[in-house]
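What follows is a set of notes on a single structure, which appears directly below.
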Amino acid sequence: VQTDAQQVATDKFVFNLPDYENVNHVVVFMLGTVPFPAGMGGAVYFSFPDPAVGQVWQLLGFITNEKPSAIFRISGLKA
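Here it is in structure tokens:
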């Protein structure tokens, strides 16, 4: 479990996956201690470096209070 998110904006957090080339799936979950505001949720993106274009951001999906966890496959997204 990785809990060392870096806050890069008031509403954006980044987790570093140092060995992302060897990672097939990422699991994102809320602990339930701090819920989203009513009607809100969080988008989950995966970013990786691409020598041709720089950073690539790919939308994986979302989590909400009603769906507080998700498993995302990232093995087919990497350059």
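For this note's numbering, count along the sequence shown from 1 and bump the result up by 198. Where is the CB? At the ideal position from N, CA and C, for every residue including glycine. Bear in mind the structure is a predicted one, so any value in this text is a computation, not a measurement.
Three or more beta-carbon pairs under 8 Å between the region 210-218 and the region 256-264, yes or no? The region 210-218 makes no contact with the region 256-264: fewer than 3 CB pairs, one atom from each, lie closer than 8 Å.
Need the endpoints of the beta strand (DSSP E) that Leu258 sits in, please. First-last of the beta strand (DSSP E) with Leu258: Gly252 to Thr262.
Excluding five sequence neighbours on each side, which residues of the same chain lie with their C-beta closer than 6 Å to the C-beta of Ala268? Same-chain partners within the cutoff: Val226, Gly259 and Ile261.
Report yes if the C-beta distance between Phe211 and Gln200 is below 8 Å; otherwise report no. Going by C-beta atoms, Phe211 is not nearer than 8 Å to Gln200.
Measuring CA to CA, which of Val254, Val242, Thr231 and Glu264 is closest to Phe280? Summary: the structure shown does not reach residue 280, with the chain confined to residues 199 through 277, and so no result is reported for it.
Pull up the distance between the alpha-carbon of Thr208 and that of Gly230, whole angstroms please. In this structure, the alpha-carbon of Thr208 lies about 20 Å from that of Gly230.
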